[in-house]
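Q: Here the numbering used here is used: the first residue of the sequence shown is 1, the next is one more, and so on.
The beta-carbon is built from N, C-alpha and C at its ideal position, and this holds for glycine as well.
Predicted, not measured: the structure shown is a model, and the values here were computed from it.
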Amino acid sequence: GGSSSSVPSQLEKKVWTSINAGETATVEVDNGVIGVTEVSFSVAETTYGAWVQVKKLDSLPSSVEAPETVVYRTLEITQQNVQKALQGQATVKFKVEKSWLSDNSITASNVALFRYVDGNWKALPTTQGEDDGTYVHYSAATPGFSYFVIGEAAMAAAPEASEEAAPVSEEVEEAPVEEA
Numbered sequence: 001g002g003s004s005s006s007v008p009s010q011l012e013k014k015v016w017t018s019i020n021a022g023e024t025a026t027v028e029v030d031n032g033v034i035g036v037t038e039v040s041f042s043v044a045e046t047t048y049g050a051w052v053q054v055k056k057l058d059s060l061p062s063s064v065e066a067p068e069t070v071v072y073r074t075l076e077i078t079q080q081n082v083q084k085a086l087q088g089q090a091t092v093k094f095k096v097e098k099s100w101l102s103d104n105s106i107t108a109s110n111v112a113l114f115r116y117v118d119g120n121w122k123a124l125p126t127t128q129g130e131d132d133g134t135y136v137h138y139s140a141a142t143p144g145f146s147y148f149v150i151g152e153a154a155m156a157a158a159p160e161a162s163e164e165a166a167p168v169s170e171e172v173e174e175a176p177v178e179e180a
């Protein structure tokens with residue numbers, strides 16, 4: 001008992017009797033409220049009784065630290081009998097309303113999917129896809145399932161920019177020395 005959902009539109013769950021080794025399994029999410037449109041993955045070995053659930057959360061549990069970014073959607077992707085058999089990375093496809101991007105002064109290229117793992121938020125490799133006029137579509141690779149947020153990628157980009165600045169200044173200093 002107790003597993004009925006009062007807001008069925010906020011989650012999508014798919015159950016498989018079996019998934020064969022090397023086969024790609026996909027959870028298609030039709031409801032735009034969730035933000036995720038699809039989760040797909042392959043398994044290295046045949047697995048039985050597997051399921052994956054994508055759920056939109058209104059807030060994170062108190063045990064999970066809030067990310068330091070502007071958040072579009074907060075999600076939880078859970079599974080049974082998938083993680084241990086996962087082959088490579090799973091792909092999460094999602095979309096962001098263009099009106100949200102403009103309301104928050106975020107460029108379409110500055111969006112990322114973040115995964116909560118080992119007590120930290122990690123930016124996942126995110127690729128921008130098509131702009132359908134209402135939404136900008138994206139795809140991200142994840143090594144596993146957990147809590148996720150779709151948000152502004154700036155929180156991941158800031159440290160990279162400062163690390164790149166040091167070698168550039170060294171190269172500039174070396175150039176005049178070589179000419180002299």
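Just how far apart, CA to CA, sit Gln-53 and Thr-78?
A: 5 Å
Q: Under a three-way DSSP split, which group does Ser-42 fall into?
A: strand
Q: Which value, in whole angstroms, describes the spacing of the CA atoms of Lys-56 and Gln-89?
A: 21 Å
Q: Thinking Ala-21 and Thr-37 are a contact (beta carbons under 8 Å), I'd like their distance in whole angstroms, please.
A: Ala-21 to Thr-37, Cβ: 26 Å. No contact.
Q: Look at the alpha carbon of Ile-106 and the alpha carbon of Glu-152, and state the distance between them as a whole number of angstroms.
A: 7 Å
Q: Hey, could you find the ends of the alpha helix (DSSP H) Lys-98 is sitting in?
A: Looking at the DSSP string, the run of the alpha helix (DSSP H) that includes Lys-98 is 98-103.
Q: Under three-state DSSP, which class holds Ala-50?
A: strand
Q: For Ala-85, which of helix, strand or coil comes out of DSSP?
A: helix
Q: Going straight from the alpha carbon of Phe-114 to that of Ile-150, what length do you get?
A: 6 Å
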